[in-house]
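A.B. asks:
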């Protein structure tokens with residue numbers, strides 16, 4: 003299931019599924035989780051410089067977009083190898099402008115807050131209105 007999905011009648015329901023160890027592997031507002039023990043991190047060269055996507059940056063929605071891009075490589079004298087946890091997610095964006103949007107996540111405005119209604123479209127509209 004995807005995040006924000008409801009039951010078969012389309013009602014928003016809070017659903018949690020756990021694995022045999024009691025770890026949450028699915029939460030309806032957030033989607034699926036994978037757990038592991040003794041996992042190997044990704045190791046990346048990093049020279050302390052990073053580029054971040056801003057709300058003004060356009061991107062190609064058909065590609066994977068690095069929201070935070072770390073710089074450095076093995077030939078960079080200032081770079082060191084760092085262990086990293088790389089996250090992949092689906093991020094809401096404006097399909098007309100190909101720019102990120104800021105969704106309203108928390109119930110400062112309960113009508114549009116994602117954690118209240120689990121509706122990404124309303125949350126995006128509410129966040130952009132601020």
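Residue numbers (my numbering): 3 to 132.
Heads up, the beta-carbon is just placed ideally off N, CA and C, and yes, glycines get one too.
Keep in mind that this is a model prediction, so the values were computed, not measured.
#1: Just to confirm my understanding: we take residue 105, look at its own chain, exclude 5 residues before and 5 after, and list those with CB closer than 8 Å. What are they?
#2: If I follow the unbroken beta strand (DSSP E) through residue 140, where does it start and stop?
#3: Give the single residue among 103, 51, 118 whose Cα lies nearest to the Cα of residue 177.
#4: Within the chosen definition, does the region 19–26 reach the region 66–74 through at least 3 CB pairs nearer than 8 Å?
#5: For residue 21, which residues from the same chain have a beta carbon less than 8 Å from its beta carbon, with the 5 sequence-adjacent residues on both sides left out?
#6: Report the option in 63, 110, 120, 82 whose CA atom is closest to the CA atom of residue 97.
#7: Could you pull out every residue in the same chain whose Cβ sits closer than 8 Å to the Cβ of residue 85, ignoring the five residues on either side in sequence?
#8: Determine the burial state of residue 114: buried for a count of at least 16 other Cβ atoms within 10 Å of its Cβ, exposed for fewer.
#9: Check this for me: beta carbons of residue 47 and residue 18, under 8 Å apart or not?
#10: To the nearest angstrom, report how far apart residue 80 and residue 53 are at their CA atoms.
#11: What residue range is occupied by the uninterrupted beta strand (DSSP E) comprising residue 37?
#12: Output needed for residue 132: all residues of its chain with C-beta closer than 8 Å, excluding positions within five of it in sequence on either side, in chain order.
#13: Please classify residue 57 as buried or exposed, where buried requires at least 16 other C-beta atoms within 10 Å of its C-beta.
C.D. replies: According to the structure shown:
#1: 94, 116, 122, 125, 126, 128, 129
#2: The chain is shown from 3 up to 132; residue 140 falls before or after that span and cannot be answered.
#3: Here the chain has residues from 3 to 132 only, and residue 177 is not among them.
#4: The region 66–74 and the region 19–26 do not touch, with fewer than three beta-carbon pairs separated by less than 8 Å.
#5: 27, 37
#6: 63
#7: 43, 44, 45
#8: That one is buried.
#9: no
#10: So the alpha carbons of these two residues sit roughly 17 Å apart.
#11: That residue, residue 37, is in no beta strand (DSSP E); it is neither H nor E in DSSP.
#12: Same-chain partners within the cutoff: 104, 106.
#13: exposed
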